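For the record, in the sequence shown the residue sitting at position 72 is 74 according to the numbering used here, with numbers rising by one throughout.
No residue lacks a Cβ here, since even glycine has one placed at the ideal position from N, Cα and C.
Just so it is clear, the structure is predicted and the values come from calculations on it, not from any experiment.
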Amino acid sequence: MMKKILLSIALCIGLNADINQAVQGIVGNSEYNTHRNLINHVFKNESNFYTNGSLDYTKVSQALQGNNLLKLNLGSTQTIDVTFIFNSNPKISFRNINDILKAIGQQNFITTNQVSLDNQLKWSIKVQTAAAINPLRLSQELQNTNSKIVDIKREGNNKWSYYIDSSKSSIYKAEDLVTKASTTLRKPIKPYIIEIANTDKLAISSNNGSNWYPSITFYDNDFGVIEVFEDSTLHKNLKVDVPNNTRFIKIDDFYALTNIKNGLTVTKE
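Next comes the structure, spelled out in structure tokens:
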């Protein structure tokens with residue numbers, strides 16, 4: 003049964019709604035019917051809302067918000083049901099959507115269902131909020147992970163479903179050691195995540211001479227753990243080998259992040 007459900011999810015993500023279907027899915031049937039003439043005017047130049055041949059939900063949501071057609075306020079704090087369906091990279095997608103929700107101000111939620119199968123993810127939550135999740139902000143943040151919304155289904159004010167193409171996803175706000183040879187990291191509020199490529203060794207140094215206790219995890223393309231390096235002795239400078247097939251690295255302190263309060267500099271060698 004789960005496999006059939008996720009197969010239907012994959013098929014849905016493979017389809018691209020037209021503009022009318024997309025707008026109706028975002029604003030809901032009632033608002034769509036009430037403002038049909040304005041909607042037709044706003045979206046009369048359909049080609050403006052496509053990117054590389056696919057409907058661009060960021061552009062669609064932006065147009066709706068700019069014309070006061072995106073009604074998200076609920077009038078009072080209520081419970082809404084939201085489901086996110088990702089077609090690929092479930093571990094990365096789950097991490098990303100949690101970080102993105104917090105970044106756009108939605109932190110009061112609980113998981114009601116989570117299914118991961120055949121490299122797909124379906125995650126449902128209940129959110130206590132006075133305003134529904136803003137699809138424009140969600141779409142913009144997802145773009146920062148090389149993911150994109152391909153469909154939105156809205157049922158009244160209290161139930162939303164987002165279908166997301168995450169086949170090319172990267173980690174949300176990961177530090178870049180793909181295009182750069184070195185990066186200087188500021189004081190951390192949580193462990194650093196770095197995306198890397200084209201290196202088999204890293205030099206890591208503490209900024210301003212502080213000492214730290216290294217805790218480094220190497221992940222593959224699917225965010226599966228390859229290797230963990232930990233050392234309970236103090237270091238100012240460290241060189242570590244990068245295992246084959248590493249795409250992401252998490253850098254932490256073995257005891258407390260305050261030990262690296264001055265940040266780190268990480269350089270490919």
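query                                                                                                                                                                                : result
State yes or no: is the C-beta of L119 nearer than 7 angstroms to some heavy atom of the ligand SAH?                                                                                 : For the structure depicted, the ligand SAH is absent and the ligand set is empty, with no information on it obtainable.
Quick one: using the 10 Å Cβ neighbour count with 16 as the cut-off for buried, is D254 buried or exposed?                                                                           : buried
Just checking my contact of G168 with F45 at CB under 8 angstroms: how many whole Å lie between their CB atoms?                                                                      : It should be pointed out that residue 168 corresponds to Ser in this sequence rather than to Gly. 26 angstroms between Cβ atoms; not a contact.
Grab me the residues of P92's own chain with a C-beta within less than 6 angstroms of its C-beta, minus the 5 sequence neighbours each way, in chain order.                          : S118 and L123
Throw me the rounded Cβ distance for the Q130 and N110 pair, which I believe falls under 8 angstroms.                                                                                : 4 angstroms
Give me, in chain order, the residues of the same chain whose beta-carbon lies closer than 6 angstroms to that of L112; leave out the 5 immediate sequence neighbours on both sides. : Strictly speaking, residue 112 in this sequence is Ile, with Leu absent from that position. These residues qualify, in order along the chain: K128.
Counting along the chain, where does the beta strand (DSSP E) carrying F96 start and finish?                                                                                         : First-last for F96: P92 to A105, but that is the alpha helix (DSSP H), not the beta strand (DSSP E).
Three or more C-beta pairs under 8 angstroms: does that hold for the segment 139-154 against the segment 47-61?                                                                      : yes
Considering only residues of the same chain and omitting the five flanking positions on each side of L236, which have a CB-CB separation below 8 angstroms?                          : N213, W214 and Y215
Locate the beta strand (DSSP E) running through I195, then write down its first and last residues.                                                                                   : Y194 to I198
Using the three-state DSSP reduction, which class does A205 fall into: helix, strand or coil?                                                                                        : strand
Within the chosen definition, does the segment 65-74 reach the segment 93-109 through at least 3 CB pairs nearer than 8 angstroms?                                                   : no
Name the residue from N35, E232, P137 and A258 whose alpha carbon lies nearest to the alpha carbon of N75.                                                                           : P137
Can you name the start and end residues of the beta strand (DSSP E) that Q80 belongs to?                                                                                             : N75 to F88
Using C-beta distances below 6 angstroms, list every residue in its chain close to N160, excluding the 5 sequence neighbours before and after it, in chain order.                    : I82
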